[in-house]
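Visitor: Next up is a structure, given as structure tokens.
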């Protein structure tokens, strides 16, 4: 009797490992969750987990938890800044992007920590990003050459949310389109009808969100309504 043994039955299925700062998890994500050696997969939000420096290769989509003999503590790896920075003088082809109303008057768009694939925030002018919209993508440059960039990601709407968090990634976003209306930043997607495409929210820890509700009406607790505008002065003010 001839016996055929399928290699698929005895060999593990190997997924390619995700490189540094690549996506490794999140709702509807179907790719590899295994980071390259020396990196770990950390959850940034329900829709996006990312390979960040530290630890061995990991398929976890949550922060690593260390449990000592007494009180449990959570160890969170801080992303390492990428690129040398664009400098404090505005580069050709880029803008400063800032809020122009209290309580965030002249606070600037950036990532937290600066120049990392992490949260999008409206924060101190000293660490302002230089950014622009390129082919519908909101992009910040990480160096003076523009060869290293991060892309703004809007967390996809999954239920009855009234706000969608904005984060930064090394990969282009596929959800919605950023554009300018005059000097005002807007975001839209065919699946969502918004009363004001320029409505944003700045919430806890200065995190930036797309506001799906009416501007300055039923503002979520812990948030303030903001519109965000480009500024092309040579330096921030």
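In mature numbering (1 follows the signal peptide of the UniProt record, and there is no 0), the protein residues as written are -16 to -1, 1 to 221. Backbone N, C-alpha and C fix where the C-beta goes; we use that ideal spot for every residue, glycine too. Computed from a predicted structure; not experimentally measured.
Name the DSSP beta bridge partners of residue 27, please?
Guide: Its beta-bridge partners are 33.
Visitor: Express the C-alpha separation of residue 112 and residue 77 in angstroms, rounding to a whole number.
Guide: 16 Å
Visitor: If you draw a straight line from the C-alpha of residue 136 to the C-alpha of residue 196, how long is it?
Guide: Distance between the alpha carbons of residue 136 and residue 196 is about 17 Å.
Visitor: Output the distance between the C-alpha atoms of residue 64 and residue 37, rounded to the nearest integer angstrom.
Guide: 7 Å
Visitor: Quick one, which of 62, 214 and 71 has its alpha-carbon nearest residue 166's?
Guide: 214
Visitor: In the structure shown, what three-state DSSP assignment does residue 189 receive?
Guide: helix
Visitor: Which whole runs of the beta strand (DSSP E) in the stretch 64 to 111 are 3 residues long or more, in chain order?
Guide: List check, beta strand (DSSP E) in window: 80 to 83, 92 to 96 and 103 to 107.
Visitor: According to the Cβ coordinates, are residue 117 and residue 162 closer than 9 Å?
Guide: yes
Visitor: Which of helix, strand or coil does DSSP assign to residue 167?
Guide: coil
Visitor: Taking contact to mean at least 3 C-beta pairs separated by less than 8 Å, is the stretch 137 to 146 in contact with the stretch 66 to 83?
Guide: no
Visitor: Within the same chain, show all residues whose beta-carbon is closer than 6 Å to that of residue 67, passing over the 5 residues directly before and after it, in chain order.
Guide: 99, 126, 127 and 132
Visitor: On the CB-based measure, 16 or more other CB atoms within 10 Å of its CB, does residue 210 come out buried or exposed?
Guide: buried
Visitor: Please confirm whether residue 70 has its beta-carbon closer than 9 Å to some beta-carbon of chain C.
Guide: Among the chains in the structure shown there is no chain C, since it carries only a single protein chain.
Visitor: Looking at residue 157 and residue 124, is the spacing between their C-beta atoms short of 9 Å?
Guide: no
Visitor: Tell me whether residue 89 is buried or exposed, calling it buried when 16 or more other Cβ atoms sit within 10 Å of its Cβ.
Guide: exposed
Visitor: Is it buried or exposed for residue 94, if we count other Cβ within 10 angstroms and need 16 for buried?
Guide: buried
Visitor: Give the range of the beta strand (DSSP E) segment to which residue 9 is assigned.
Guide: 7 to 9
Visitor: Tell me residue 161's beta-bridge partners as DSSP assigns them.
Guide: 172
Visitor: Within the same chain, show all residues whose beta-carbon is closer than 6 Å to that of residue 43, passing over the 5 residues directly before and after it, in chain order.
Guide: Note that residue 43 scores a pLDDT of 41, beneath 50, so its modelled location is shaky and nothing firm can be said.
Visitor: State the beta-bridge partners of residue 207 as determined by DSSP.
Guide: None, per the DSSP bridge assignment.
Visitor: Ordered along the chain, which non-local residues of its own chain (more than five positions away) have a Cβ less than 6 Å from that of residue 199?
Guide: 180, 183 and 209
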